[in-house]
Amino acid sequence: MSASWKQLLFQILLLLVSCRRINTKTPGPTPPPLVPITSLPTDERSASLEGNQNKLPNITGFWRKDGDEVENSQVTVQLEGDQYKLKRVFSIVSEESLGSYSCVFGSEEAKIEFVLAAPQIGEVRDKPIVSYVGDSGVIACKMEETKPKPITWNWYKANGTDKEQIFAVAELLRYEIKNEERKTKLVVHNLTEADGGLYYCGAVYAISTTMSHVELKVISFQEPLKPFIAIVIEVSVLVAAILLYERCQSKKNYTAGNGTIDQTNTMTQGENNEPEESSSVRQRKI
Amino acid sequence: MYVSLCLNRNMSPALANDLGYKPLDGGWGWMVVVGAHISIGFAYSTPKVLSIFFEEIQENLGASYREIAWISSIMLAVMYAGGPVSSVLVSRFGSRPIVILGGLLCGVSMVTASFGNSIVYLYLCIGVIGGCGLSLNLNASLTIISKYFLNKRPLANGLAMAGSPVFLCIMAPVNQYLLQKFGWRGSLFILGGLMLNCCVAGALMRPVVLPRKPSTCAAQKNVEEEPNECNTKQKRSCMNNAKTFLDFTFFKDRGFVIYLIGNILFIFGAYAPIVFLSAYAISQGVEEYSAAYLLSIMGFVDMFVRPGTCLIASSKWIRPRIQYFFGFAMVFNGTCHLLCPLIKSYAFLVTYAVFFGVGFGMVFGLIFECLMDLMGNQRFPSAVGLVTIIECFPMLLGPPAAGLLVDVFGDYKYIFFMCGSVIVAGGVFIFVMNIYNYHMLEKEKPAKVREQNQMTIENQASASA
């Protein structure tokens, strides 16, 4: 057991290190975690083959994109020292060029995957924002500082399975979009129940737009009113009960105690438990 | 008529029973403790748990974090500053109507705040009105405990003060749930309803009925206190109440001044470690969720330590010298803080959180019991008002001063050094000065006994005549 576990661990560790692959891109957004501009962005990963005691001098390798084999990508790879290196230059020109790329050695003996995508919005709020009918709802989206700035932001409202873009210019009284470089806010004024649902914010990059969603829930004011009224009733009942009990008690004491009202709240023989050598007390015997 | 007076050697010299009657020390008194527990619980926990709503309010109203954080600060400041006013009201009207009024004010404040659209509106509603309500609650609850308990008073105080961590632990998840279900507006609305439960607490605070016979009036006269209870002196008692509004004669009392100075030092250093503990833990490499957990541990330990400490304090060895115990508790708390920067691993941080909870609980369990012990039951309401308004300043200055230290030195450990040393200084001051104080009180005791015996002889003579 331990040998194969060790090998698997080794493989995973190596996957994070390097496997040569160079790709060029047109100026625009970069795949994580590389920073573009001058040099050709390179992503390099590696994996190890199982049972690598007998290394063949040649091995075939090819590339796949999104599960489909890339045409004319099959190459024979020479053993260089202890490594097989498979390199290819991919041009990322449009959104279709993004996706999941994998390099395969032999017949599925080793496979390494690269995911090329526009920067994803990291913090997705999973809980809905709750707002009230007639109030203004504010929904916000943020791109992390470590990721590149988007060119602009768009907002969409879910309409069934579709997304409909919100143009704040068209409906100034209803919607307000405030865009800063890495943050965006959508303010929906005068909410109605129909305004509830999923809203999508899209960070627009030259290569594509990444989406994130937030749910807006619009409830009427009666929702919190119900528990509130329940609590008010509970408080009134308890207060009334306590005061009534007190009145009954004091009546009992009044009739039983010869008019000495102070017996209820001042200690006399009944309540006095321990031999009180410890109190400085004036004892009155009348 | 047989009148006897015996000063017990077991009690501290200052613990003469100046109520004029023997308190219940049980019975309905425990229901009063429940009421005080609820009332004090809301008073101390509300400013802290409101911070759960801040992020949403911030987003909705478009304010900065600093502006929002002022809501809690204003609420705390008004709660403490309202002490003298609430003392006067409690002396005049008794605890029950004041706590009911406090509960209504808090309820109204939260409900009106839920309709707010600007930060200033929230400052007024939650900060000012809410703060006033809480200040009425706090003062009245402490006062009524002193009326119902004498022998078991430390335990009653400890149980009542335990309301603060208990309610913190309850209200935090409740508020989270409300926020998710109803948003911040609905949550404030429902929170207002929940705070109306202070009215239930008030209903439990049955007023103590004092005997008002003219013959007993003379017998009750105590040399030190103004005779407020006498029927014949009603008009003068009103004026006396007004004089005790901000009674600076308290500063002539040695014990009070010692207590006050020690307390100021403690409060200055008490809250900053709580505020910065998570940040410190994160800076030491602890992950965020575990760092927040440290505070929960502290609160949980606090819950049990408060009544536990007071149980120990009510024992016959400690009760007469309770001020020493108080000083020791402060030194313990301060030492924990001083040792904190020396530890690096999470396991040790958890241990620190536990000891912090113990130290914090010990001090806060005893803090008002010691004042009652010093001032006696008659002067306590005005004394506590004066103490809280003075404590307002170190409480508001402490965390920002600590924050300044972080900004200047860039390291959280200096906060712990500062707070630890300030608290230890306060504890040592109380301990040492009380040696002197108890010594002086012992010296003054024979003179007092002679005076009071003189009084009783006079009463006997007038009564039999």
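First to last, the sequence lines map onto chains A and B. For what it's worth, our numbering labels the leading residue of the first sequence as 15, then goes sequentially. For what it's worth, our numbering labels the leading residue of the second sequence as 124, then goes sequentially. The C-beta atom is built at its ideal place from N, Cα and C for all residues, glycine as well.
Discussion item. Check this for me: beta carbons of Ser-162(B) and Val-222(B), under 7 Å apart or not?
Written reply: yes
Fill in: Best match in Leu-527(B), Thr-458(B), Ser-264(B) and Ser-505(B) for proximity to Pro-207(B) [C-alpha to C-alpha]
For Pro-207(B), the closest alpha carbon among the candidates Leu-527(B), Thr-458(B), Ser-264(B) and Ser-505(B) is that of Ser-505(B).
Item to complete: Decide yes or no for the touch test of the region 439 to 452 of chain B against the region 567 to 581 of chain B: beta carbon pairs closer than 8 Å, at least 3 of them.
Response: Between the region 439 to 452 of chain B and the region 567 to 581 of chain B, the count of Cβ pairs shorter than 8 Å is below three; the stretches do not touch.
Item to complete: Assign Phe-371(B) to buried or exposed, taking buried as 16 or more other Cβ atoms, counted over all protein chains shown, within 10 Å of its Cβ.
Response: exposed
Discussion item. Under DSSP, the alpha helix (DSSP H) around Leu-112(A) begins and ends at which residues?
Written reply: That residue, Leu-112(A), is in no alpha helix (DSSP H); it is neither H nor E in DSSP.
Discussion item. Between Pro-241(A) and chain B, is any beta-carbon pair separated by less than 7 Å?
Written reply: Interface residue (Cβ-Cβ distance to chain B less than 7 Å): Pro-241(A) is classified as such.
Worksheet item: Given that Tyr-146(A) touches chain B, what residues does it touch there, using C-beta distances under 8 Å?
Response: Residues of chain B whose Cβ lies closer than 8 Å to the Cβ of Tyr-146(A) are, in chain order, Gly-306, Arg-308 and Gly-309.
Fill in: For Val-428(B), the nearest candidate out of Val-380(B), Asn-280(B) and Leu-388(B) (CA to CA)
Asn-280(B)
Worksheet item: Below 8 Å, can you find three or more Cβ-Cβ pairs linking the region 139 to 147 of chain A to the region 225 to 243 of chain A?
Response: Yes: at least three Cβ pairs fall under 8 Å.
Worksheet item: What does Ile-313(B) reach in chain A if we use C-beta pairs closer than 8 Å?
Response: Pro-238, Pro-241, Phe-242 and Ile-245
Worksheet entry | Length-filtered (4 minimum) alpha helix (DSSP H) runs lying within the region 174 to 206 of chain B | Restricting attention to alpha helix (DSSP H) runs no shorter than 4 residues, the region 174 to 206 of chain B encloses them at 177 to 184 and 188 to 204, ordered along the chain.
Item to complete: Would you mind sorting Ser-168(B) into buried or exposed? The rule is 16 or more other CB atoms within 10 Å of its CB.
Response: buried
Fill in: Three-way DSSP call (helix, strand, coil) for Asn-86(A) in this model
coil
Item to complete: Can you pull the chain E residues whose beta carbon is under 8 Å from the beta carbon of Ala-154(A), in chain order?
Response: The chain inventory of the structure shown lacks chain E, comprising the protein chains A and B.
Item to complete: Could you tell me which chain B residues have their CB closer than 7 Å to the CB of Lys-141(A), listed as they occur along the chain?
Response: The answer, in chain order, is Gln-303.
Worksheet item: Which of helix, strand or coil does DSSP assign to Gln-446(B)?
Response: helix
Worksheet item: Do you know whose CA, among Asp-80(A), Val-251(A), Leu-93(A) and Ile-245(A), lies nearest Cys-117(A)'s CA?
Response: Asp-80(A)
Worksheet item: What are the residues of the region 246 to 258 of chain A that lie near chain B, defined by any Cβ-Cβ distance shorter than 7 Å?
Response: Val-246, Val-249, Leu-252, Val-253, Ile-256 and Leu-257
Fill in: Cα-Cα separation between Val-473(B) and Leu-461(B), rounded to whole angstroms
15 Å
Discussion item. Please state the DSSP three-state secondary structure of Lys-171(A).
Written reply: DSSP places Lys-171(A) in the strand class (E or B) of the three-state scheme.
Worksheet item: With 16 as the cutoff for other CB atoms within 10 Å, does Asn-173(A) come out buried or exposed?
Response: exposed
Item to complete: Tell me where the alpha helix (DSSP H) around His-203(A) begins and ends.
Response: Counting along the chain, His-203(A) falls outside any alpha helix (DSSP H), and DSSP gives it neither H nor E.
Worksheet item: What residues from chain A crowd round Ala-326(B), counting only those whose CB sits closer than 8 Å?
Response: Near Ala-326(B) (Cβ distances below 8 Å), the residues of chain A are Leu-252, Val-253, Ile-256 and Leu-257.
Discussion item. Spatial neighbours of Gly-205(B) within its chain, please: C-beta separation below 6 Å, excluding the five flanking residues on both sides.
Written reply: Cys-255 and Ser-258
Item to complete: May I ask you to report which of helix, strand or coil DSSP gives Ser-105(A)?
Response: Correct three-state label for Ser-105(A): strand.
Worksheet item: Listing by chain order, which chain A residues have their CB less than 9 Å from the CB of Asn-320(B)?
Response: Within chain A, the residues Ile-245, Glu-248, Val-249 and Leu-252 have their CB atoms less than 9 Å from the CB of Asn-320(B), given in chain order.
Worksheet entry | Beta carbon proximity, Val-529(B) to chain A, threshold 7 Å | Not one chain A Cβ lies under 7 Å of Val-529(B).
Worksheet item: Could one say the Cβ of Gly-253(B) lies closer than 7 Å to chain A's Cβ atoms, at least one of them?
Response: no
Discussion item. Quick test of your reading: Ala-154(A) and Thr-198(A), contact by CB under 8 Å. State the CB separation rounded to the nearest angstrom.
Written reply: 7 Å
Worksheet item: Does any CB atom of chain A fall closer than 7 Å to the CB of Gly-158(B)?
Response: It does not; no Cβ of chain A falls within 7 Å.
Discussion item. Run through chain A and tell me which residues come within less than 9 Å of Val-323(B), C-beta to C-beta.
Written reply: Glu-248, Val-249, Leu-252, Val-253 and Ile-256
Worksheet item: In this structure, does DSSP put Phe-128(A) in helix, strand or coil?
Response: strand
Discussion item. Going residue by residue through the region 224 to 264 of chain B, where are the continuous beta strand (DSSP E) segments of at least 3 residues, counting only ones entirely within it?
Written reply: None, since the region 224 to 264 of chain B contains no complete beta strand (DSSP E) of that length.
Worksheet entry | Per-residue DSSP class, three states only, for Glu-94(A) | strand
Practice prompt. Determine the burial state of Val-531(B): buried for a count of at least 16 other Cβ atoms within 10 Å of its Cβ, exposed for fewer.
Written response: exposed
Worksheet item: Which value, in whole angstroms, describes the spacing of the CA atoms of Val-572(B) and Met-578(B)?
Response: 10 Å
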